[in-house]
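Enquirer:
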């Protein structure tokens with residue numbers, strides 16, 4: 058009988074171009090996504106060495122990190138403008154398809170890949186961005202790379218990779234009402250730490266994972282990198298197939314049905330062995346809020362902020378002290394008592410239509426707290442257009458949210474969407490590092506629902522027990 | 004890239020775990036389109052105050068660490084964003100070697116593509132180096148040929164690095180040129196797989 062295999066091994070084996078004992082494998086890359094920030098030096102390298110892009114047809118570029126989300130026609134920041142113009146010129150010179158700032162396909166690279174059907178099960182996908190792990194939601198082996206590797210993939214359509222170890226994160230049971238994929242992945246990182254996935258590719262399995270929509274799966278896989286794993290994936294099933302049906306870059310009709318069967322056959326075989334396995338019970342998970350300066354520093358919304366006395370050793374003591382100081386917290390206070398000045402709904406973690414729909418349900422009929430500035434940044438042009446068709450924009454705008462154009466925006470504040478020093482933001486993004494949303498800015502990571510509720514209340518609140526009197 | 008075989012240098016100890024690449028180089032400096040000139044921005048928010056003045060309370064600014072070329076830090080160094088601007092900034096500032104108990108995968112790879120040697124030692128060994136470098140000006144030698152770190156006071160530790168990365172670093176090879184020697188196999192793969 059054939060040895061049962063994980064999906065990770067199956068994809069790996071299908072993409073080996075060259076194998077030599079004791080060396081990394083040379084892997085073929087099916088799809089290379091490119092954006093303006095991590096590509097200019099790679100294209101420059103090609104030019105210096107008189108090299109071409111080997112497969113422009115397997116390469117797709119967009120602008121997301123730097124783009125303004127308001128007044129698109131006037132880019133005030135000259136350096137940002139140069140970076141965007143450089144990408145445009147590079148794509149023209151090397152024949153790479155580009156969805157530029159005004160293109161209807163423009164959006165955050167990890168939102169548009171799946172939206173266009175470029176992302177498909179079984180593919181190897183890379184991008185000069187650590188959140189490339191997002192595409193693993195489709196059962197693709199997708200990981201972030203540095204700019205030297207971007208240049209390497211542009212030139213050769215391959216990459217040298219040490220075969221990773223495999224890690225099964227099994228999520229038992231069901232998530233409770235009001236508990237989302239974001240809470241799940243935060244709880245996983247909170248429980249196992251910010252480096253438990255280093256050196257591994259994670260496969261997420263279990264009932265709670267199967268129950269997730271594709272949007273939810275993308276949220277989970279997106280944050281694999283915050284657990285140290287370059288890639289995290291989920292075996293394809295009917296949910297995957299139905300999401301991809303009818304997408305622009307997938308075939309139609311009988312060809313699609315046949316492909317769908319091939320995709321589902323990629324799923325991890327019964328009895329396959331992982332190098333490591335951890336488990337978590339979904340029904341124990343509450344809505345999460347991060348209190349500190351890495352995504353592992355998170356607690357249930359009902360909990361109190363930790364104090365230095367919660368530390369297990371000296372280094373952790375120092376870490377907690379530094380984090381509390383940076384975050385302007387005492388330690389010991391209920392996280393729900395912490396007041397915020399900003400709310401950001403967006404990013405490659407939580408800016409898809411389903412995220413905006415759910416957040417808008419919380420917001421409907423209410424007003425943003427007068428002490429809060431709240432913005433919604435859809436993940437793509439297409440998400441924005443669809444949301445407007447459904448009237449979701451009006452719900453947010455009527456409540457006092459700003460409704461913006463697509464981009465990475467306040468997740469990393471490379472454009473003008475910055476949280477001022479010392480101010481506090483409830484954010485649906487993925488990193489609460491020092492200075493991430495602006496120098497001295499204080500970030501609390503939450504789900505879109507929790508962010509929406511915080512916008513209205515002005516502080517964190519458990520969405521499961523939300524009773525917001527509708528204004529008469 | 005510049006080969007690295009044996010490097011002797013002044014150690015700078017940064018006794019923190021989980022230093023992310025947002026700290027190594029904040030996002031406002033990622034808009035440049037060249038690889039050069041990032042050293043001035045390394046650890047920017049730690050080195051400079053909000054007025055852009057050097058902060059006395061950040062140890063890298065102390066006179067005794069000027070001219071350092073070996074950075075010793077806590078576990079999970081370089082986590083977070085894939086930005087290669089982080090190793091570019093460290094290198095441009097003068098670091099040729101980093102020593103830590105563990106690294107984030109992408110950052111670790113990025114270092115080896117740029118002629119920076121990322122050395123993994125045990126927690127205890129790293130702590131010894133940190134203590135020595137905090138106490139006084141402290142020099143060590145890192146020898147990639149024999150995969151050892153040592154000082155002239157009896158400290159010696161071995162480290163591991165896979166042969167492929169070691170060869171690349173020792174020789175400073177252009178990886179793309181190496182890969183293109185497999186051009187035939189790449190074409191074959193493409194013909195077989197469409």
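Protein chains in written order, with the numbering used here: chain A, 58 to 529; chain B, 4 to 197.
A virtual CB, placed ideally from N, CA and C, is assigned to each residue, including glycine.
Owing to the predicted nature of the structure, the values given are computational and were not obtained by experimental measurement.
(1) Straight-line CA distance for residue 252 of chain A to residue 80 of chain B?
(2) Can you find the residues in the same chain that come closer than 6 Å, C-beta to C-beta, to residue 65 of chain A, ignoring five residues on each side of it along the sequence?
(3) Could you compute how far the alpha carbon of residue 323 of chain A sits from the alpha carbon of residue 99 of chain B?
(4) Taking C-beta pairs closer than 9 Å, name the residues in chain A that residue 12 of chain B reaches, listed in chain order.
(5) Quick check: is the beta carbon of residue 214 of chain A nearer than 9 Å to any beta carbon in chain B?
(6) Taking all protein chains shown into account, do 16 or more other C-beta atoms lie within 10 angstroms of the C-beta of residue 104 of chain A, making it buried, or fewer, making it exposed?
(7) Going by Cα to Cα distance, which pick from A/254, A/237, A/288 is closest to residue 340 of chain A?
(8) Within the continuous alpha helix (DSSP H) that includes residue 91 of chain B, where are the two ends?
(9) Less than 9 Å between CB atoms is the rule here; does residue 520 of chain A satisfy it with respect to chain B?
(10) Taking residue 98 of chain A as the query, report the chain B residues whose CB atoms sit under 8 Å from its CB, ordered along the chain.
(11) In terms of residues, what are the limits of the alpha helix (DSSP H) holding residue 47 of chain B?
(12) Given a cut-off of 9 Å on the beta-carbon distance, is the pair residue 393 of chain A and residue 439 of chain A in contact?
(13) Ends of the beta strand (DSSP E) at residue 482 of chain A?
(14) DSSP three-state call for residue 225 of chain A: helix, strand or coil?
(15) So, at 7 Å on beta carbons, what are the nonlocal neighbours of residue 461 of chain A in its own chain, with the 5 sequence-adjacent residues on each side left out?
(16) Looking at the C-beta of residue 167 of chain B, does it have a partner C-beta in chain A at a distance below 9 Å?
(17) Can you tell me which residues form a DSSP beta bridge with residue 100 of chain B?
(18) With C-beta atoms as the reference, is residue 390 of chain A less than 9 Å away from residue 481 of chain A?
(19) For residue 80 of chain A, return the contacting residues in chain B, with the cut-off set at a CB-CB distance below 9 Å.
(20) DSSP three-state call for residue 188 of chain A: helix, strand or coil?
(21) From the DSSP output, in three-state form, read off residue 118 of chain A for me.
(22) Run through DSSP, which three-state label would residue 490 of chain A get?
(23) Do three or more CB pairs link the stretch 506-522 of chain A to the stretch 334-353 of chain A at distances below 8 Å?
(24) Looking at residue 183 of chain A and residue 202 of chain A, is the spacing between their C-beta atoms short of 9 Å?
(25) Just to make sure I have the definition right: I need the residues of chain A whose C-beta is within less than 8 Å of the C-beta of residue 178 of chain B. Which are they?
(26) May I ask you to verify whether the stretch 407-417 of chain A touches the stretch 490-501 of chain A, counting CB pairs closer than 8 Å and requiring at least 3?
(27) Measuring CA to CA, which of B/73, B/181, B/114, B/171 is closest to residue 152 of chain B?
(28) Out of B/97, B/71, B/44, B/49, point me to the one whose CA is closest to residue 61 of chain B's CA.
(29) What residues match up with residue 499 of chain A in a beta bridge as DSSP calls it?
Expert: In short, the structure shows the following:
(1) 10 Å
(2) 223, 258
(3) Whole-angstrom Cα-Cα distance: 43 Å.
(4) Chain A residues near residue 12 of chain B: none, gap ~24 Å exceeds 9 Å.
(5) yes
(6) exposed
(7) Residue nearest to residue 340 of chain A within the set A/254, A/237, A/288 is A/237 (criterion: CA-CA distance).
(8) Unbroken alpha helix (DSSP H) run through residue 91 of chain B: 88-96.
(9) no
(10) 36, 37, 38, 87
(11) 47-50
(12) no
(13) DSSP places residue 482 of chain A in the uninterrupted beta strand (DSSP E) bounded by 481-484.
(14) strand
(15) Taken in chain order, the residues that qualify are 126, 127, 432, 433, 434.
(16) yes
(17) B/73, B/120
(18) no
(19) 165, 166, 167
(20) helix
(21) strand
(22) DSSP places residue 490 of chain A in coil when its eight states are reduced to three.
(23) yes
(24) yes
(25) Simply 205, 209, 217.
(26) no
(27) B/73
(28) Checked all of B/97, B/71, B/44, B/49; the closest Cα to residue 61 of chain B is B/49.
(29) A/481
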